[in-house]
Amino acid sequence: MKDVITTLIPRYGELNRIYKDWFDNKGFSFEKQKFITKFYLDYNDVTVLETAILELVFHLPQEQYTLILNSLKKEVCENISYYKKGCMPDEQTVYNICFRVSEIYKEAIEEQQYKTTKLHASLNEAYHRYDSIGYREHTAEDEKRAEMEYERCKDEYEEKKNKLTELYDLQKQTREKALQYAKSRFNEIYRLGCHLKETLAKYVFDETNEPEEPAEQEPNAPNIQEEVLGTKQTEYFNMELLSLIHVTCVGEQFENISEHDFYTCMNLLPSDTKPQIRPREKIRTCYLIFLMSEKLPKQDRENWKRNILKILDIEESYYKSKYKEPVSDFPSDSNRKFAKEMDGIFR
Numbered sequence: 265m266k267d268v269i270t271t272l273i274p275r276y277g278e279l280n281r282i283y284k285d286w287f288d289n290k291g292f293s294f295e296k297q298k299f300i301t302k303f304y305l306d307y308n309d310v311t312v313l314e315t316a317i318l319e320l321v322f323h324l325p326q327e328q329y330t331l332i333l334n335s336l337k338k339e340v341c342e343n344i345s346y347y348k349k350g351c352m353p354d355e356q357t358v359y360n361i362c363f364r365v366s367e368i369y370k371e372a373i374e375e376q377q378y379k380t381t382k383l384h385a386s387l388n389e390a391y392h393r394y395d396s397i398g399y400r401e402h403t404a405e406d407e408k409r410a411e412m413e414y415e416r417c418k419d420e421y422e423e424k425k426n427k428l429t430e431l432y433d434l435q436k437q438t439r440e441k442a443l444q445y446a447k448s449r450f451n452e453i454y455r456l457g458c459h460l461k462e463t464l465a466k467y468v469f470d471e472t473n474e475p476e477e478p479a480e481q482e483p484n485a486p487n488i489q490e491e492v493l494g495t496k497q498t499e500y501f502n503m504e505l506l507s508l509i510h511v512t513c514v515g516e517q518f519e520n521i522s523e524h525d526f527y528t529c530m531n532l533l534p535s536d537t538k539p540q541i542r543p544r545e546k547i548r549t550c551y552l553i554f555l556m557s558e559k560l561p562k563q564d565r566e567n568w569k570r571n572i573l574k575i576l577d578i579e580e581s582y583y584k585s586k587y588k589e590p591v592s593d594f595p596s597d598s599n600r601k602f603a604k605e606m607d608g609i610f611r
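Mapping of the sequence shown onto the numbering used here: residues 265 to 611, in sequence order.
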């Protein structure tokens, strides 16, 4: 049990170096956030820490345990001082850093997506040639050639599509692992430090007559984004689907927005940016929302739909009256084209 304290001291020292780097404008990384999270999860039980302190007191000479506990107290006080400076990385910064870990696959996915989309177009052309051959004069050899071309295109497309799916799966696994650390722990570590400082005061005395600090402040109340991120992260839609929608709809139905911000908003995660609907594209956006909601389990549909309509500034009454227009009996050419594009994504 006494090893708890002797390992805690160097880890507190590393924690303080991370804090110092932040205030020295040396940045913040996923590995640092990972260390902070593990630190808190390993040492958040004050009762366990006090038990370890008592073991030192009972089993070591006073001179030795005093030296050890004073070293710990020094690190704890230093950490509290850093926190009181304010301006630690906020929830959004922490979340973005964790999310970006999965972006290592972004370039490979974009390249594979380009190849897959290109082959999909070739596959559609081959299919239409093969499907329509019966409506024009042809020989058995023509039909066989069209069939072979269709099968060749289909095999090539499936190979590229499977590779793309593998990349999306890797990206998703990496993101899920990274998002385990996507919660700010600075407030909790501050509270832990305050409790630990009070505990240490029972067993060691500061001979330097350290001036009494003002009453320790409670951590700032979290903002709305922090409350959202404090709940379980929910992925309504995976990146594979949203990437296809992003490629098709951004620049058409939505103003320019990054794939990351689009993913974040569509999954109702906190973001500084939200999709802006382009002029005269609200009806088609409503149809897109309908198709996306149909991909969700029934218990999630209404909650997601209500929130995404609010984010996109679409009245629910407007949505209910317009979302089926692209597949109505007499759709406009632009609505018909959009419905066909969506069918290619959602079928």
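Don't be surprised by glycine CBs; every beta carbon is placed ideally from N, CA and C.
From the DSSP secondary-structure annotation, give me the bridge partner or partners of residue i.
| i | result |
| --- | --- |
| Ile-541 | Phe-518 |
Take the Cβ of residue i as the centre, count every other Cβ of all protein chains shown within 10 Å, and call the residue buried at 16 or more, exposed below.
| i | result |
| --- | --- |
| Glu-516 | exposed |
| Val-312 | exposed |
| Gln-376 | buried |
| Ile-368 | exposed |
| His-510 | buried |
| Glu-482 | Here Glu-482 scores only 48 on pLDDT, less than 50, and its place in the model is too uncertain to base an answer on. |
| Pro-543 | exposed |
| Lys-424 | buried |
| Glu-474 | Caution is warranted here: a pLDDT of 46 is assigned to Glu-474, below 50, making its placement in the model unreliable, and the coordinate value is therefore given only provisionally. By the 10 Å Cβ count, Glu-474 comes out exposed. |
| Glu-339 | buried |
| Tyr-378 | exposed |
| Pro-561 | exposed |
| Thr-472 | Below a pLDDT of 50, predicted positions are generally treated as unreliable, and Thr-472, at 43, falls in that range; no measurement from the model is reported. |
| Gln-563 | exposed |
| Thr-429 | exposed |
| Thr-380 | buried |
| Phe-526 | buried |
| Gln-435 | buried |
| Thr-357 | exposed |
| Pro-325 | exposed |
| Phe-602 | buried |
| Trp-548 | Looking at the sequence provided, one finds Arg at residue 548 rather than Trp. The residue is buried, with at least 16 neighbouring Cβ atoms inside 10 Å. |
| Phe-469 | exposed |
| Ala-465 | exposed |
| Ser-592 | exposed |
| Tyr-276 | buried |
| Glu-355 | buried |
| Ala-385 | exposed |
| Asn-343 | buried |
| Ile-317 | buried |
| Leu-215 | This structure leaves residue 215 out entirely; the chain is present only between 265 and 611. |
Rounded to whole angstroms, how far is the Cβ of residue i from the Cβ of residue j, which I believe are closer than 8 Å?
| i | j | result |
| --- | --- | --- |
| Tyr-346 | Asn-280 | 7 Å |
| Thr-271 | Ile-332 | Not confirmed; about 12 Å, so no contact. |
| Ser-507 | Glu-523 | 6 Å |
| Thr-463 | Glu-314 | 5 Å |
| Phe-273 | Leu-336 | Residue identity check: residue 273 is Ile in the sequence provided, not Phe. Going by Cβ atoms, the distance from Ile-273 to Leu-336 rounds to 5 Å, so yes, they are a contact pair. |
| Thr-512 | Ile-609 | 7 Å |
| Ile-553 | Tyr-587 | 7 Å |
| Tyr-421 | Leu-383 | 4 Å |
| Phe-287 | Lys-349 | 6 Å |
| Met-503 | Tyr-432 | 6 Å |
| Asp-394 | Glu-411 | Looking at the sequence itself, residue 394 is Tyr, so the reference to Asp does not match. So it is a contact: roughly 6 Å between Cβ atoms. |
| Glu-278 | Phe-299 | 7 Å |
| Ser-448 | Pro-353 | 7 Å |
| Ser-366 | Thr-438 | 4 Å |
| Ile-397 | Glu-407 | 6 Å |
| Tyr-445 | Val-321 | Actually they do not touch by this definition, with Cβ atoms about 35 Å apart. |
| Lys-418 | Leu-387 | 6 Å |
| Ile-572 | Met-530 | 7 Å |
Would the C-beta of residue i count as close to the ligand SAM, meaning under 7 Å from any of its heavy atoms?
| i | result |
| --- | --- |
| Phe-602 | As far as ligands go, the structure on display features none, and thus does not contain the ligand SAM. |
Touch test, the region 528 to 548 against the region 402 to 411, Cβ-Cβ under 8 Å, three pairs minimum: Too few Cβ pairs lie closer than 8 Å, so no.
The region 349 to 367 touching the region 292 to 299, judged by at least three CB pairs closer than 8 Å: Flag = yes, the region 349 to 367 and the region 292 to 299 touch.
Segment contact, 8 Å Cβ cut-off, at least three pairs: the region 373 to 389 with the region 452 to 459: Taking a cut-off of 8 Å on C-beta distances, the region 373 to 389 does not touch the region 452 to 459, as fewer than three cross pairs fall below it.
Whole alpha helix (DSSP H) elements within the region 403 to 471, 4-residue minimum: Listed in chain order, they are 404 to 442, 450 to 465.
Minimum length 3: unbroken beta strand (DSSP E) runs contained in the region 345 to 398: If only complete runs of 3 or more residues are kept, the region 345 to 398 shows no beta strand (DSSP E) anywhere.
Complete runs of the alpha helix (DSSP H) confined to the region 560 to 585 [at least 4 residues]: 562 to 575, all fully within the region 560 to 585.
Residue ranges of each alpha helix (DSSP H) within the region 285 to 311, 4 or longer: If we require 4 residues or more, the alpha helix (DSSP H) runs fully inside the region 285 to 311 come out as 294 to 307.
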